[in-house]
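S.K.: Under the numbering used here, think of the first position of the sequence shown as -15, with each following residue one higher.
The beta-carbon is built from N, C-alpha and C at its ideal position, and this holds for glycine as well.
This is the structure I want to talk about, given as structure tokens.
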Amino acid sequence: MDTFEIEVATGGSSITYTITPLEDGRFQVNQKDDVVGVVAPNTREQGITWTTDDDIDDDLLENIGRAIEAEKLG
């Protein structure tokens, strides 16, 4: 998979993130030249949940995850 961009609405504005798919199924999230973190989808009966070991707010993690799903997993 190639690198792609997503737009996430936060607090009345939107931020563009660059997403780089990793070979292990996770996704590296960058904002401009800064690495925000790495997120991982977990498929469950209720759908996909997203996890990270990085310092990403739960709401932001969910919004990033949904945008990745819409772009690549949907």
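At the level of alpha carbons, what is the spacing between residue 18 and residue 2?
M.R.: Position 34 of the sequence shown, counted from the start, is the residue given in the question as residue 18. Position 18 of the sequence shown, counted from the start, is the residue given in the question as residue 2. In a straight line, the C-alpha of residue 18 is about 10 Å away from that of residue 2.
S.K.: For residue -9 and residue -1, what's the separation of their Cα atoms in angstroms?
M.R.: Numbered from 1 along the sequence shown, position 7 holds the residue referred to as residue -9. Numbered from 1 along the sequence shown, position 15 holds the residue referred to as residue -1. Distance between the alpha carbons of residue -9 and residue -1 is about 6 Å.
S.K.: What does DSSP give as the partner residues of residue 12 in its beta bridges?
M.R.: For the purposes of this step, residue 12 is identified with residue 28 of the sequence shown, where counting begins at 1. According to DSSP, which records beta bridges pairwise, residue 12 is partnered with 4 and 22.
S.K.: Since residue 55 and residue -12 are thought to touch, with beta carbons under 8 Å apart, how far apart are those beta carbons, to the nearest angstrom?
M.R.: One-based indexing of the sequence shown puts residue 55 at position 71. One-based indexing of the sequence shown puts residue -12 at position 4. Contact flag correct, Cβ pair sits at about 6 Å.
S.K.: Are the CB atoms of residue 45 and residue 22 within a distance shorter than 8 Å?
M.R.: Residue mapping note: residue 22 aligns to position 38 of the sequence shown, counting from 1. Residue mapping note: residue 45 aligns to position 61 of the sequence shown, counting from 1. No, the Cβ-Cβ distance between residue 22 and residue 45 is not below 8 Å.
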